[in-house]
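**Q** Structure incoming, see below.
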Amino acid sequence: MSIKNLIVAALATTTVVFSAATATQAQTNPFPGLDSYCEATLRGKQRDARINVREGAGLNYRVLHYGISGDRVMLLRETANGDPEKLAVRTDKQGYNWYRVGFPKTRATGWVRGDLLEPECFN
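Start counting the sequence shown at 7; every next residue gets the next number (this note's numbering).
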C-alpha cells in the first residue's frame, strides 16, 4: 500500500470517528451553552398529570406545550454560556418561582412553576 493510500485511509477513519463523536455530543447536550448542573423531574398532583409549559414565567403567559408528571427536564442557565450555577428563574406576582426548562428529547423549552419540579443538581 502506498503512502498516499495510507494517508487517505487514515483521514477517512479520522473523519468517521470525529463525525461520530460530534453526533454523540450533540445528542447528549441538546442545549449547548444553556445547560446547567441541574435537572428536574416534573411532579404533578396525580401520576401522569399534564404539566403546562409556558411562554413566560407566570399564569398569564400562554401554554406552549405540556410535559407529563415523571418527565425529566434540564434546568437552563440564565444566559447562554453564562455561569452554569445561575439558573433562569423568575418570581411571579403571586410569589411563585418559575424555571426555564428544556426537554432533551424534543428540544422544546419553556417555563414551569417551581413547585411542579423536583430538582437534582450535580456539581
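Don't be surprised by glycine CBs; every beta carbon is placed ideally from N, CA and C.
Contact between the segment 45 to 52 and the segment 74 to 85: three or more CB pairs below 8 Å?
**A** Output reads yes: the segment 74 to 85 touches the segment 45 to 52.
**Q** May I ask which residues mark the beginning and end of the beta strand (DSSP E) holding L70?
**A** Numbered from 1 along the sequence shown, position 64 holds the residue referred to as residue 70. Unbroken beta strand (DSSP E) run through L70: V69 to I74.
**Q** When the Cα atoms are used, what is the spatial distance from D54 to N103?
**A** As a working mapping, residue 54 is identified with position 48 in the sequence shown. As a working mapping, residue 103 is identified with position 97 in the sequence shown. Their Cα atoms are separated by approximately 23 Å.
**Q** Give the secondary structure of L48 by DSSP, where H, G and I count as helix, E and B as strand, and everything else as coil.
**A** Stepping through the sequence shown from its first residue, residue 48 is reached at position 42. Here L48 sits in strand by DSSP.
**Q** How about Y105 and L70: do their beta carbons lie closer than 8 Å?
**A** What you label residue 105 is simply residue 99 of the sequence shown in a count that begins at 1. What you label residue 70 is simply residue 64 of the sequence shown in a count that begins at 1. No.
**Q** Taking a contact to mean a Cβ-Cβ separation below 8 Å, would you say Y72 touches V59 in this structure?
**A** Taking the first residue of the sequence shown as 1, we reach residue 72 at position 66. Taking the first residue of the sequence shown as 1, we reach residue 59 at position 53. Taking 8 Å as the Cβ cut-off, Y72 and V59 qualify as a contacting pair.
**Q** What residue from V107, K99 and R113 has the CA that sits closest to L122's CA?
**A** For the purposes of this step, residue 122 is identified with residue 116 of the sequence shown, where counting begins at 1. Residue V107 is the option with its Cα nearest to L122.
**Q** Here's the rule: buried if 16 or more other CB atoms are within 10 angstroms of the residue's CB, otherwise exposed. What is A94?
**A** Translated into positions along the sequence shown, residue 94 becomes position 88. Buried, because 16 or more other Cβ atoms sit within 10 Å of the Cβ of A94.
**Q** Taking C-alpha atoms, which residue in G101, P110, F128 and E84 lies nearest to G64?
**A** Here the question's residue 64 lines up with position 58 in the sequence shown. Closest by alpha carbon: G101.
**Q** Which value, in whole angstroms, describes the spacing of the CA atoms of E126 and E61?
**A** The count along the sequence shown starts at 1 and reaches residue 126 at position 120. The count along the sequence shown starts at 1 and reaches residue 61 at position 55. Answer to the nearest angstrom: the Cα atoms are 23 Å apart.
**Q** At which residues does the beta strand (DSSP E) containing N58 begin and terminate?
**A** Within the sequence shown, numbered from 1, the residue matching residue 58 stands at position 52. Per DSSP, N58 belongs to the beta strand (DSSP E) from R56 to R60.
**Q** If you drop the 5 nearest sequence neighbours on each side, which residues of the same chain put their C-beta closer than 8 Å to that of R83?
**A** Along the sequence shown, read from residue 1 onward, the residue named residue 83 stands at position 77. Only G39, L40, D41, S42, D89, P90, K92, L93 and A94 meet the Cβ criterion.
**Q** On a Cα-Cα basis, can you pick out the residue from K111, W117 and R96 that is closest to N35?
**A** Counted from its first residue, the sequence shown places residue 35 at position 29. Checking every option, the nearest Cα to that of N35 belongs to K111.
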